[in-house]
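Numbering (the working numbering), first residue to last: -9 to 237.
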């Protein structure tokens, strides 16, 4: 969006991005696809912007529409509007993948904004959660490099009070290209050992030897721990396209 560079200040840049969504993207979708409820389409767009990096599905969006917007929409209409927004390249859908079962799972899934700037401007820069935004940026970078990206799910079994407890652990990204695979976790902050353990625990449950990467928000020198996990800062991950293949 070269015109953005001609705007003299942040307020005008934000206004330009918001008008781009309203007057170009949403308007074109409405006219091209015969959308009968443009306000609801706009609301679905906003809710997806708020939900980046979170598991969601049409039913969740439908319930939020009823609660926040007091709008009663049919589930299939919500699903259609989500598909229209994805087809317009405003969002991408990341399916959940059962790593041990080697199969894609049904909903919920995750949606990522194709342009984080449009997403932020649309929300009037209110929801600046660095954790979600970093995850979204990593997803976009992986897709721009030509990888297919899913959300990983791996089962964990632990003994709690003498009983076996089953949990599903999440790996942010299962990244594939040709016969190569990487497992990637996004962690904006690692304040202590407990947080580090939380992030790498899912890696230990993966029943294969594909490469594992933990991307952190700090500007750290890339290093590999005793478990073979590469810890790398977000800056190096984004600027060095060879960092994954160099493992």
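The beta-carbon is built from N, C-alpha and C at its ideal position, and this holds for glycine as well.
In this text, all values refer to a predicted model and were calculated from it rather than measured experimentally.
Item                                                                                                                             : Value
Where residue 166 sits in the DSSP three-state scheme                                                                            : strand
Three-state secondary structure (DSSP) of residue 60                                                                             : coil
For residue 68, the first and last residue of its enclosing beta strand (DSSP E)                                                 : Here residue 68 belongs to no beta strand (DSSP E); instead the alpha helix (DSSP H) covers 65 to 77.
DSSP state of residue 109 mapped onto helix, strand, coil                                                                        : helix
Outcome for residue 146 when other beta-carbon atoms lying within 10 angstroms are tallied against a minimum of 16               : exposed
DSSP three-state assignment for residue 15, whether helix, strand or coil                                                        : helix
At least 3 beta-carbon pairs within less than 8 Å: the stretch 47 to 61 vs the stretch 88 to 104                                 : yes
Residue 34, DSSP secondary structure in three states                                                                             : helix
Length at least 4, wholly inside the stretch 126 to 200: the alpha helix (DSSP H) runs in chain order                            : 183 to 194
Sequence-distant residues of its chain with Cβ nearer than 7 Å to residue 178 (five each side left out)                          : 120, 121, 124 and 207
Neighbour-count burial assignment, residue 189, 16 or more Cβ in a 10 Å radius                                                   : buried
Chain-order list of residues whose beta-carbon lies under 7 Å from that of residue 12 (same chain, five-residue window excluded) : none
Residue from 163, 195, 113 and 142 whose Cα sits closest to the Cα of residue 127                                                : 163
With 16 other Cβ atoms within 10 Å as the buried cut-off, status of residue 38                                                   : buried
Validate contact between the stretch 74 to 94 and the stretch 133 to 148 using beta carbons, cut 8 Å, 3 pairs                    : yes
Residue-chain proximity (residue 197, chain B), Cβ-Cβ < 7 Å                                                                      : In the displayed structure, chain B is absent; only one protein chain is listed.
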